[in-house]
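Structure first, commentary second.
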Amino acid sequence: LYVDQPLGAGQSVPLDRGQAHYLFGVMRQQVGASVAVFNGRDGEWRAQIAEAGKRGGLLTCVQETRPLKEPPDLWLLFAPIKKARTDFIVEKAAEMGARRIVPVMTEFTNAGRVQRERLQAHAVEAAEQCGGTFVPEVAEAVKFSTLLDRWEAPRQIMFCDEALAGSGSGVPDVLSAPAAIMIGPEGGFSDAERARLARLDHAHAVSLGPRILRADTAAVAALTLWQQALGD
Ligand code: SAM
Numbered sequence: 007l008y009v010d011q012p013l014g015a016g017q018s019v020p021l022d023r024g025q026a027h028y029l030f031g032v033m034r035q036q037v038g039a040s041v042a043v044f045n046g047r048d049g050e051w052r053a054q055i056a057e058a059g060k061r062g063g064l065l066t067c068v069q070e071t072r073p074l075k076e077p078p079d080l081w082l083l084f085a086p087i088k089k090a091r092t093d094f095i096v097e098k099a100a101e102m103g104a105r106r107i108v109p110v111m112t113e114f115t116n117a118g119r120v121q122r123e124r125l126q127a128h129a130v131e132a133a134e135q136c137g138g139t140f141v142p143e144v145a146e147a148v149k150f151s152t153l154l155d156r157w158e159a160p161r162q163i164m165f166c167d168e169a170l171a172g173s174g175s176g177v178p179d180v181l182s183a184p185a186a187i188m189i190g191p192e193g194g195f196s197d198a199e200r201a202r203l204a205r206l207d208h209a210h211a212v213s214l215g216p217r218i219l220r221a222d223t224a225a226v227a228a229l230t231l232w233q234q235a236l237g238d
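Those letters in the sequence shown? Residues 7 to 238, by the UniProt record's numbering.
Take a look at the structure:
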């Protein structure tokens, strides 16, 4: 169970209505039972249910069961697309161990307002589902030009360029953490964006194989390539 509260020996953890509903209503847990909790920062803890009610409850942390395991310092930069496919990208990035997820508004991005908190909730759910101890941060959406104006070396960019579809795929040897994968929108990158990235020493254009993939597929493919080359 994810709780946005500090965890430590003897620490009391209040539960909100939603958590209480899940734990006591859906999972039928009762006072005295043990629950595994994590907050994305303090590892995983065994906690005991001290109070159970319809509108809330209270846990007491007993013992750390797994220490925090942070993934390699990899960000996913992606242009938001339709709602359900954007949700999919965030979910998969959290499962695949991205450390930070950044929606980037590019020239051809054609999506409505990005609801950061909703996407963050998806990241939490994905981390919960795959038994992680870490939750990636979903950042506020940022414009492509602002992102690159503020870019901090030595973080490198694995720029997934659909114009390279057909050439051999793979993560170039020069890439290492800290890094960021960049995925474009349905309409791809503009010539100006491609030119801007080509001028950056720390951006490396990469092909994801012979065909042009949908943006959500491309995000998973790029994360998989990265994972295979540099993940742990
Ligand atoms: N029209 C499709 C869609 O609706 O999703 C294709 C979108 S494709 C242009 C979206 C992004 O996926 C590209 O900007 C690029 O970042 C990445 N991508 C897709 N296929 C790729 C490939 N073969 N090599 C590198 N990047 C690729």
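We treat Cβ as the ideally placed atom computed from N, Cα and C, and that holds for glycine.
Burial state of T152 (16 or more Cβ within 10 Å)
exposed
Distance between G103 and R220 (C-alpha atoms, nearest Å)
21 Å
For V130, which of helix, strand or coil comes out of DSSP?
helix
Helix, strand or coil at L30 according to DSSP, with G and I counted as helix:
Leu is not the amino acid found at residue 30; the sequence shown has Phe there. Note: F30 maps to helix in three-state DSSP.
Residues bridged to L83 (per DSSP):
V108, M188
Leaving out five residues before and five after P86 in sequence, what residues of the same chain have Cβ atoms less than 6 Å from its Cβ?
T92, P109, A117, V120
Nearest-angstrom Cα distance between F195 and E131?
30 Å
Does the stretch 176–194 come close enough to the stretch 77–84 to have 3 or more Cβ pairs within less than 8 Å?
yes
R105 classed as buried or exposed, judged by whether at least 16 other C-beta atoms fall within 10 angstroms:
buried
For I95, which three-state DSSP category applies?
helix
Nearest-angstrom Cα separation, counted from F84 out to M164
12 Å
Other residues of its chain near T230: CB distance less than 8 Å, five sequence neighbours each side excluded
M102
With distance defined between alpha-carbon atoms, name the residue in F150, R217, Y8, Q25 nearest to R202.
F150
According to DSSP, is K60 part of a helix, a strand, or is it coil?
coil
Since A100 and A56 are thought to touch, with beta carbons under 8 Å apart, how far apart are those beta carbons, to the nearest angstrom?
30 Å between Cβ atoms; not a contact.
Please go through the same chain and pick out, in chain order, the residues whose beta-carbon is closer than 6 Å to the beta-carbon of P73, but skip the five residues on each side of it.
G49
Meets three-Cβ-pair contact criterion under 8 Å: the stretch 164–180 and the stretch 205–219:
yes
From A235, G215, L154, G31, residue whose alpha carbon lies closest to that of A198
L154
Rank G215, G237, D238 by C-alpha distance to the C-alpha of A227 and give the top, closest one.
G215
Simplified DSSP assignment, three categories, for A211:
strand
Once the 5 residues before and after V41 are set aside, which same chain residues still bring their CB inside 6 Å of it?
L7, A53
Rounded to the nearest angstrom, what separates G63 and R23 at their Cα positions?
8 Å
Might you give, ordered along the chain, the residues of its own chain that have their beta carbon closer than 7 Å to the beta carbon of E192, omitting 5 neighbours on each side?
I87, N116, A221
Which runs of the alpha helix (DSSP H) at least 4 residues long sit entirely within the stretch 124–177? Give them in chain order.
150–155
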